[in-house]
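Letter by letter, the sequence shown follows residues 1 to 369 in full-length UniProt numbering. From the three backbone atoms N, C-alpha and C, an ideal C-beta is built for every residue, glycine too. Since we're looking at a predicted model, the values are computed, not measured. The structure appears below as structure tokens.
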Amino acid sequence: MQPLLQGRMMTRIVLAGGGTGGHTVAARVIGDVARSEGFDTVWVGRPTSFEERVAAESGHRFIAAEMARPTASMSYLRVLRRVRSVLRDIRPDLVVATGGWVGAPVALAAVSLRIPLVCHEQTLIPGRATSLLSLFARSTWLTFPGAAAHLRWPRSTVVTGFPLRGELREQCSAEKASALLGISRTAPMLFVAGGGGGAESLNRFVADNLPTLLADWQIVHQAGGGSGLTTTAEALERLRDELPGRLRDRYVVAAYLNAGQVNAALRRADLVLGRSGAGFVNEVLELRAPAVFVPYPHARNDEQTALAREAMNTGAGVAIWPDHDVATQPDRLIAELRKRAYLRESHYRAGSTGVADRTIAEALRAVLR
């Protein structure tokens, strides 16, 4: 830890968030904004985790600490003691927590050490971590204005929105995107995205209907790397290898896509089929890709359905498909995909790229005064 303390000149901000794509991407983009404002950033998360990979890709220093879900057990108290020790070594001026159980121990440790805390909530219905921590946070930043009604006694709220990852602001022609993804420039493309952990129902749908789908589209499939998956990226790769050569080349599957690959996939896609987590919904809307969202049915407070409905309210070319119908009515879903593939940009209102960055930069400066 000692190198972090040598020659310190800048205001230091600790980023706390991980586990899911929404919490992780939010921490990453807030860190990007903080760094562009001249602040020093350090990300605290789990070892060999999704957030560690994202931190490395985006150039944020990362310190690994064992985390645990909040319980009344002694093991959670040990986690808090370890995280307190980490924060004492880092000596941050501010902790920004983006929700979820990965960020909660860091935020609680910050409160106990009287380090200023900011919470960022990505969804319409704040999670338990944000709901509790907003009582102690210097400010709670919201993606959606309506989320404030679900917080009981927040000290302060600011509607900041959800900034795009820098890579997703980069223009990427169809030729460049196709080359990056390893697909044909001319054939229609379906982007299937199940989030960092993956979506078993979507993976199984693709596996069970692969020849039919490949007759209409070439497919880029981000299958996820969650430990609970049965239909894994490796299993899908084996299935691809058994296809005839003319179809095999039309299917690209990987457990994980980096931000540059996601940018290429969203800009190149004629249609997106995916979960409706906060970060991904925002990126689909900003890049104006028509989408069929399949909300995760077990999300707390059914937040993914609420986010998908909010996306529909923007005037976007978005449809919602129930998760249980993915397996029971695949033919109807395929028909819906065929219909939606012709809607790119035709149903979109103007985007707001860059506004969230400026708002977060202003909110950071205000909270550090």
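Excluding the 5 residues flanking residue i on each side, which residues of the same chain have their C-beta closer than 6 Å to its C-beta?
{"i": "residue 276", "result": "293, 295, 304, 307, 308"}
{"i": "residue 312", "result": "318"}
{"i": "residue 320", "result": "293, 308"}
{"i": "residue 60", "result": "31, 41, 43"}
Which one of the options has the shortest CA to CA distance from residue i?
{"i": "residue 323", "options": "302, 283, 312", "result": "302"}
{"i": "residue 236", "options": "208, 357, 119", "result": "208"}
{"i": "residue 147", "options": "120, 20, 10", "result": "120"}
{"i": "residue 55", "options": "79, 77, 14", "result": "14"}
{"i": "residue 62", "options": "107, 30, 118, 16", "result": "16"}
{"i": "residue 365", "options": "232, 278, 68, 158", "result": "158"}
{"i": "residue 326", "options": "288, 274, 29", "result": "274"}
{"i": "residue 123", "options": "160, 88, 107", "result": "160"}
{"i": "residue 111", "options": "86, 88, 137, 102", "result": "137"}
{"i": "residue 44", "options": "216, 281, 75, 96", "result": "96"}
{"i": "residue 310", "options": "328, 212, 238, 145", "result": "145"}
{"i": "residue 90", "options": "299, 46, 202, 41", "result": "41"}
{"i": "residue 299", "options": "128, 30, 166", "result": "128"}
{"i": "residue 216", "options": "338, 355, 113, 194", "result": "338"}
{"i": "residue 166", "options": "334, 328, 30, 369", "result": "30"}
{"i": "residue 102", "options": "130, 114, 113", "result": "130"}
{"i": "residue 213", "options": "113, 86, 332", "result": "332"}
{"i": "residue 334", "options": "281, 227, 211", "result": "211"}
{"i": "residue 267", "options": "170, 238, 228, 281", "result": "170"}
Is it the case that the Cβ atoms of residue i and residue j are separated by a distance below 7 Å?
{"i": "residue 220", "j": "residue 206", "result": "no"}
{"i": "residue 104", "j": "residue 154", "result": "no"}
{"i": "residue 100", "j": "residue 23", "result": "yes"}
{"i": "residue 36", "j": "residue 367", "result": "no"}
{"i": "residue 57", "j": "residue 18", "result": "no"}
{"i": "residue 116", "j": "residue 132", "result": "no"}
{"i": "residue 26", "j": "residue 98", "result": "yes"}
{"i": "residue 190", "j": "residue 77", "result": "no"}
{"i": "residue 135", "j": "residue 109", "result": "no"}
{"i": "residue 92", "j": "residue 12", "result": "yes"}
{"i": "residue 233", "j": "residue 253", "result": "yes"}
{"i": "residue 198", "j": "residue 21", "result": "no"}
{"i": "residue 84", "j": "residue 67", "result": "no"}
{"i": "residue 87", "j": "residue 113", "result": "yes"}
With a cut-off of 8 Å on the beta carbons, I'd call residue i and residue j a contact; round off their distance for me.
{"i": "residue 256", "j": "residue 243", "result": "Contact doesn't hold; Cβ gap of about 22 Å is too wide."}
{"i": "residue 297", "j": "residue 340", "result": "The pair is not a contact, with the Cβ atoms about 21 Å apart (cut-off 8 Å)."}
{"i": "residue 225", "j": "residue 196", "result": "7 Å"}
{"i": "residue 168", "j": "residue 283", "result": "6 Å"}
{"i": "residue 65", "j": "residue 53", "result": "Rounded, the Cβ-Cβ distance is 16 Å, inconsistent with contact."}
{"i": "residue 187", "j": "residue 222", "result": "With a Cβ gap of about 19 Å, residue 187 and residue 222 do not count as contacting."}
With a CB to CB cut of under 8 Å and the five nearest residues on each side skipped, what residues in its chain are close to residue i?
{"i": "residue 180", "result": "172, 260, 261, 264"}
{"i": "residue 33", "result": "163, 357, 360, 361, 364"}
{"i": "residue 248", "result": "240, 241"}
{"i": "residue 175", "result": "185"}
Where does residue i sit, in a helix, a strand or coil, going by DSSP?
{"i": "residue 12", "result": "strand"}
{"i": "residue 76", "result": "helix"}
{"i": "residue 221", "result": "strand"}
{"i": "residue 121", "result": "strand"}
{"i": "residue 291", "result": "strand"}
{"i": "residue 182", "result": "coil"}
{"i": "residue 101", "result": "helix"}
{"i": "residue 260", "result": "helix"}
{"i": "residue 160", "result": "coil"}
{"i": "residue 139", "result": "strand"}
{"i": "residue 40", "result": "strand"}
{"i": "residue 67", "result": "coil"}
{"i": "residue 205", "result": "helix"}
{"i": "residue 166", "result": "helix"}
{"i": "residue 334", "result": "helix"}
{"i": "residue 198", "result": "coil"}
{"i": "residue 347", "result": "Confidence in residue 347 is poor, its pLDDT being 48 and thus under 50, which makes the residue's placement too unreliable to answer from."}
{"i": "residue 191", "result": "strand"}
{"i": "residue 319", "result": "strand"}
{"i": "residue 280", "result": "helix"}
If I measure Cβ to Cβ from residue i and keep anything under 7 Å in the same chain, skipping five residues before and after, which residues do I get?
{"i": "residue 230", "result": "200"}
{"i": "residue 373", "result": "In the structure as shown, the chain begins at 1 and stops at 369. Residue 373 is therefore absent and cannot be evaluated."}
{"i": "residue 330", "result": "205, 208, 209"}
{"i": "residue 38", "result": "10"}
{"i": "residue 355", "result": "161"}
{"i": "residue 194", "result": "202, 203, 222, 223, 224, 274, 275"}
{"i": "residue 49", "result": "18"}
{"i": "residue 75", "result": "68"}
When you compare the CB of residue i with every CB in chain B, is at least one pair closer than 7 Å?
{"i": "residue 159", "result": "Chain labels in this structure do not include chain B; a single protein chain is all it has."}
Closer than 6 Å to a non-hydrogen atom of the ligand FAD - does that hold for the CB of residue i?
{"i": "residue 115", "result": "Although the ligand FAD was asked about, the structure shown includes no ligands whatsoever."}
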